[in-house]
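Novice:
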Amino acid sequence: MAACLLAGGAAAQTLTMGVGAPVTSLDPHYHQLSPNTAVAHMIFGGLTMTDSHARVVAGLAESWRAVDETTWEFRLRPGVRFHNGGEFTAEDVAFTFQRVPNVPNSPSSYAIYTRPIRQVEIVDPLTLRLRTAAPYPLMPTDLASVMILDRETHAQATTEGFNAGPMAVGTGPFRMVSHRNGDRIEFERNEAYWGTKPHWQRVTYRMITNDAARTAALLAGDVEVIDQVPTSDLAKLRADQRLTLAEVTGLRLIFLSLDHSRAENSPQVADNEGRPIQQNPLKDVRVRRALSIAIDRAAITERIMEGSAIPSGQFLPEGAFGYLPGLAAPRADAEAAKKLLAEAGFPNGFRLTLSGPNDRYPNDARIIQAIGQMWTRAGIRTTVEAQPWTSFVARAARQDLSAFLIGWGTSSGEASNPLRNLVASFDRDKGYGASNRGRYSNPEVDRLIDRAMQELDDAKREELLRQASRVAFEDVGIIPLHIQKNAWAMRRGLVMDARADELTRAQDVRPAAPR
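First residue of the sequence shown: 18, per this note's numbering; consecutive thereafter.
Here it is in structure tokens:
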């Protein structure tokens with residue numbers, strides 16, 4: 018396979034990328050998923066952006082300031098145009114904020130980022146003021162997740178229209194040329210882009226979800242860059258002198274979500290004879306703690322992830338805003354897990370199905386197989402069910418599952434993002450709990466999050482976020498497993514900005530500077 022690697026690479030200014038996860042929608046307001054976000058960043062733009070370290074930087078807004086405790090003013094960048102030539106103005110921003118919470122059938126809404134805005138005041142075509150009901154320190158951070166649309170072009174736009182192509186019009190560094198759902202997206206450079214123009218005139222963005230096929234495509238020269246480098250290939254690719262790697266500790270937590278929504282008859286829980294259990298055992302914190310401490314996280318990160326992950330007991334790695342010192346990954350203890358189960362009224366355990374994708378995260382199917390064995394040893398007879406991502410995530414969004422593996426990449430680099438999305442009580446009006454697929458709910462967690470979202474003092478806000486995290490994890494709202502390390506491989510002669518948020522974007526790849 019290695020002998021097939023093409024030394025010459027692709028033609029100048031043409032790039033082919035192989036990505037490991039499918040893009041499920043080109044509508045930038047439909048579904049919060051990292052693969053969708055990566056492509057949205059190529060086509061569209063937000064008022065703010067984040068750099069490779071998840072720090073907020075200027076985007077379509079060149080500056081912003083807090084006018085008072087409940088008013089933010091944004092000054093927009095002059096001279097920006099959409100791909101169709103339309104001029105970017107404050108009217109487009111106001112239209113976008115109105116659209117975001119009203120996208121039909123969104124499985125993971127972006128409304129969480131616009132709900133605090135109570136009024137949009139257009140001061141002039143390049144100035145707007147956003148008024149909130151209470152102090153809201155995260156406005157510049159949140160708006161990095163909201164891609165701005167053209168009021169005229171997108172007035173009647175549908176998600177289907179974006180996916181078909183005609184509505185995929187933004188201000189980003191690339192224009193979309195064609196889209197073959199689940200296979201590839203073709204782009205061309207936006208020559209009128211307001212920022213630093215990317216090196217590449219044309220980009221082919223291929224979705225290659227099979228790990229072996231993705232590596233083979235790189236070695237054969239069919240693609241120049243791949244993401245989600247299979248852990249089993251890392252050592253081989255590092256040693257290959259024709260390739261180079263870009264690596265960074267990421268912001269994606271892999272975790273287990275549990276069914277908190279049903280007090281009775283959770284769909285994939287049964288007694289040892291296979292009969293339904295009327296009372297949902299997952300509602301008992303002792304059972305949740307037993308499930309957590311039955312998992313040997315060190316074994317998973319060492320043997321399955323081959324060192325490409327960090328065992329975790331919380332949302333983010335050390336150094337991130339809201340990281341909770343002292344909250345380590347729980348130590349595996351199968352005997353203690355059995356005792357907790359007995360205390361909860363299940364001395365002989367019960368049956369449980371653990372679900373997960375088999376093509377979304379590194380080693381996802383292998384991880385749930387390992388956890389299933391660990392749970393079975395602790396007394397919970399576990400059946401493992403791995404599915405393609407698109408089928409799996411639809412079932413998870415419908416709350417059809419009792420226990421499942423999934424991931425969350427924190428785009429903002431601070432704990433408020435996963436707290437609001439993953440463990441805040443589901444609240445469509447507030448936009449909270451958009452990805453809380455297990456429907457966990459804890460009033461104390463909600464109270465602390467609400468306080469943090471109104472605290473303008475960073476030190477006090479961080480302490481509130483830490484308190485909310487502690488309550489959620491002591492209550493085992495979700496079961497954290499590990500934080501991924503991000504790795505990309507590419508042909509030698511290319512360099513890439515390795516992003517902590519794991520987004521794979523063509524604008525981050527460029528030829529290496531000559532020595």
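Heads up, the beta-carbon is just placed ideally off N, CA and C, and yes, glycines get one too.
1) Quick one: residues in its chain with C-beta nearer than 7 Å to the C-beta of Phe-114, no 5 flanking neighbours on either side, listed in chain order?
2) Are the CB atoms of Ala-420 and Leu-371 nearer to each other than 8 Å?
3) Classify Lys-447 as buried or exposed, calling it buried when 16 or more other Cβ atoms lie within 10 Å of its own Cβ.
4) With Asn-282 and Arg-398 assumed to form a contact (beta carbons below 8 Å), what rounded beta-carbon distance in angstroms separates them?
5) Between which two residues does the alpha helix (DSSP H) carrying Phe-114 extend?
6) Start and end of the alpha helix (DSSP H) containing Glu-177?
7) For Cys-21, count neighbouring Cβ atoms within 10 angstroms of its own Cβ and tell me buried if that reaches 16, exposed if not.
8) What are the residues that DSSP puts in a beta bridge with Gln-296?
9) Check Leu-32 in the structure and name its three-state DSSP category.
10) Select from Glu-208, Phe-179 and Ala-209 the residue whose C-alpha is nearest the C-alpha of Ser-195.
11) With a threshold of 8 Å on Cβ separation, who are the neighbours of Ile-321 within its own chain once the five nearest residues in sequence on each side are excluded?
12) Could you spell out where the beta strand (DSSP E) holding Val-137 opens and where it closes?
13) Per DSSP, which one or two residues make a beta bridge with Phe-196?
14) Please state if the CB of Met-507 and the CB of Glu-203 are separated by a distance shorter than 8 Å.
15) Short check: CB of Met-164 to CB of Gly-63, under 8 Å?
16) Considering only C-alpha positions, which residue in the set Leu-251, Val-265, Ile-243 and Ala-38 is nearest to Ala-515?
17) Among Arg-292, Pro-298, Leu-254 and Leu-268, which has the Cα closest to the Cα of Leu-275?
18) Mind checking His-70: buried by the 16 CB within 10 Å criterion, or exposed?
19) Leaving aside the five residues before and after Leu-166 along the sequence, list all residues of the same chain whose C-beta is less than 6 Å from its C-beta, in chain order.
20) Looking at the strands, I want to know which residues DSSP matches up with Ile-496.
21) Report yes or no: do three or more beta-carbon pairs, one from the region 311-320 and one from the region 497-504, lie closer than 8 Å?
22) Is it right to say Lys-477 is buried, meaning 16 or more other beta carbons lie within 10 angstroms of its own, or is it exposed?
23) Is DSSP giving His-58 helix, strand or coil here?
24) Which one of Gly-424, Leu-465 and Ile-423 has the shortest CA to CA distance from Ser-442?
25) Counting only runs that start and end within the region 230-257, where is the alpha helix (DSSP H) found for 4 or more residues in a row?
26) From Ile-129 to Gln-49, what does the alpha carbon distance come to, in whole angstroms?
27) From this set, Phe-338, Arg-509 and Pro-347, which residue's C-alpha is nearest Ser-428's C-alpha?
28) Smallest Cα separation from Pro-215: which of Ser-80, Val-140, Arg-206 and Gly-455?
29) Report yes if the CB atom of Trp-406 is closer than 8 Å to the CB atom of Pro-39, and no otherwise.
30) Locate the alpha helix (DSSP H) running through Trp-392, then write down its first and last residues.
31) In the DSSP assignment, what residue or residues form a beta bridge with Phe-338?
32) Return the first residue and the last residue of the beta strand (DSSP E) that Ala-75 is part of.
33) Excluding sequence positions up to five away, which residues of its chain have a Cβ less than 6 Å from the Cβ of Thr-318?
34) For Asp-444, which residues does DSSP report across the bridge?
35) What is the residue span of the alpha helix (DSSP H) that Met-156 lies within?
36) Round the Cβ separation of Ala-395 and Ala-351 to the nearest angstrom and send it over; I've been treating them as touching at under 8 Å.
Specialist: Checking against the coordinates, here is how it stands:
1) Answer for Phe-114: Thr-131, Ile-134 and Val-137, listed in chain order.
2) The answer is yes: Cβ separation under 8 Å.
3) Buried is the call here.
4) Rounded, the Cβ-Cβ distance is 18 Å, inconsistent with contact.
5) Per DSSP, the continuous alpha helix (DSSP H) segment holding Phe-114 begins and ends at 107-116.
6) Segment 176-181, the alpha helix (DSSP H) holding Glu-177.
7) Because Cys-21 sits at a pLDDT of 42, beneath the cut-off of 50, its placement in the model cannot be relied upon, and the point is left open.
8) Paired residues: Glu-281.
9) Here Leu-32 sits in strand by DSSP.
10) Cα-wise, what sits closest to Ser-195 is Phe-179.
11) Closer than 8 Å at Cβ, skipping near neighbours: Thr-248, Asn-380, Arg-383, Ile-384 and Ala-387.
12) In this chain, the beta strand (DSSP E) harbouring Val-137 covers 134-141.
13) It is His, not Phe, that sits at residue 196 in the sequence shown. Answer is Ile-202, bridged to His-196.
14) Not in contact: Glu-203 and Met-507 (Cβ atoms no closer than 8 Å).
15) Yes. Within cutoff.
16) When only C-alpha atoms are compared, the closest one is Val-265.
17) Nearest C-alpha to Leu-275: Pro-298.
18) Around the beta carbon of His-70, fewer than 16 other beta carbons sit within 10 angstroms, so the residue counts as exposed.
19) Only residues of its own chain outside the window of five on either side were considered, and among them Thr-113 have a CB closer than 6 Å to the CB of Leu-166, listed in chain order.
20) Beta-bridge annotation (DSSP): Ile-496 is paired with Leu-273.
21) At 8 Å Cβ cutoff, the stretches touch.
22) Lys-477 sits exposed, since fewer than 16 C-beta atoms from the chains shown fall within 10 Å of its C-beta.
23) DSSP places His-58 in helix when its eight states are reduced to three.
24) Among Gly-424, Leu-465 and Ile-423, the Cα nearest to that of Ser-442 is on Leu-465.
25) Correct list: 251-256.
26) So the two alpha carbons sit approximately 11 Å from each other.
27) That would be Phe-338, whose Cα lies nearest to the Cα of Ser-428.
28) When Ser-80, Val-140, Arg-206 and Gly-455 are compared, the shortest CA-CA separation from Pro-215 is found for Arg-206.
29) Contact check for Trp-406 against Pro-39 passes: the beta carbons are separated by less than 8 Å.
30) Run containing Trp-392: 381-394, per the alpha helix (DSSP H) assignment.
31) Residue pairing from DSSP places Phe-338 in a beta bridge opposite Glu-431.
32) Unbroken beta strand (DSSP E) run through Ala-75: 73-75.
33) Correct list, in chain order: Ala-326, Pro-328 and His-499.
34) Answer by DSSP bridge pairing, in chain order: Tyr-449.
35) DSSP places Met-156 inside the alpha helix (DSSP H), whose first and last residues are 156-159.
36) Sure, about 5 Å apart at Cβ, within 8 Å.
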